[in-house]
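For our numbering, add 81 to where a residue sits in the sequence shown, where the first one is 1. Glycine included, C-beta positions come from ideal geometry on N, C-alpha and C. All values derive from a computational prediction rather than experimental measurement. First comes the structure, then the notes that go with it.
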Amino acid sequence: MRKSWAVLLAALAVSLFCVAYPMYVIRPFRAQGARELAVALQVTRVRPALTLACAAVAAAVFPWRRARVATGVCVALVLLCAGLARVNIFELMFHPDAHPEFAAASASKLDGAEKVIAVKVGSMARAYPIRGISYHHIVNDQVGGVPIVATY
Numbered sequence: 082m083r084k085s086w087a088v089l090l091a092a093l094a095v096s097l098f099c100v101a102y103p104m105y106v107i108r109p110f111r112a113q114g115a116r117e118l119a120v121a122l123q124v125t126r127v128r129p130a131l132t133l134a135c136a137a138v139a140a141a142v143f144p145w146r147r148a149r150v151a152t153g154v155c156v157a158l159v160l161l162c163a164g165l166a167r168v169n170i171f172e173l174m175f176h177p178d179a180h181p182e183f184a185a186a187s188a189s190k191l192d193g194a195e196k197v198i199a200v201k202v203g204s205m206a207r208a209y210p211i212r213g214i215s216y217h218h219i220v221n222d223q224v225g226g227v228p229i230v231a232t233y
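Put into structure tokens, the structure is as follows:
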């Protein structure tokens, strides 16, 4: 019984980590380090399979006939995490602009003091006005043939 309880708690801990860590690292208005962002993105990639495995383990060790409330809550939380692992919370919070439009700098009507996000890849450069992306918070684009995401 103690062994199954420990396995259940481990499955819950892994499931919670898989859901919470990427949200903690990738949250808005915070600078991310390259290493922690790489780990968060890797966790995001593997979390659907990992949380599904945790849910299977939790269901397998769950004492179906003699279940306590605490054990049932743990299994329910693991199953909830398995479901949440398939949701991109940031796409729900910030809907990407489906059809962004760009203009050459010479055709721009921006004020000289306008704040922009500037991106340069090789010899290609783009500027994304903060006022223009303030609702979406994100622009998917390609600069110099390299896919980028401009966000703040």
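The bridge partners DSSP lists for LYS201 are ALA206. Using a Cβ distance threshold of 8 Å, LEU93 and THR152 do not count as a contacting pair. Between PRO228 and the set GLN123, CYS135, GLY203 and PRO210, the nearest pair of CA atoms involves GLY203. Around the beta carbon of ILE170, fewer than 16 other beta carbons lie within 10 angstroms, which makes this residue exposed. Pairing VAL154 with ALA199, the inter-Cα distance amounts to about 48 Å. Per DSSP, the beta-bridge partners of ASN221 are VAL230. By the neighbour-count criterion, in which a residue is buried when 16 or more other Cβ atoms sit within 10 angstroms of its Cβ, ALA139 is buried. Distance from the CA of ILE211 to the CA of ALA166, rounded to the nearest whole angstrom, comes to 30 Å.
For GLY193 and ALA186, the gap between their C-alpha atoms comes out near 11 Å. By the CB criterion at 8 Å, VAL124 and TYR102 fall inside the cutoff. Under the DSSP assignment, GLY213 falls in the alpha helix (DSSP H) whose first and last residues are 211-214. For VAL150 and ARG83, the gap between their C-alpha atoms comes out near 16 Å.
Setting aside the 5 residues that flank it on each side, GLY225 is surrounded in the same chain by VAL202, GLY203 and MET205, each with a C-beta closer than 6 Å to its C-beta; the list follows chain order.
Taking every protein chain shown into account, the CB of SER96 has 16 or more other CB atoms within 10 angstroms, so this residue is buried.
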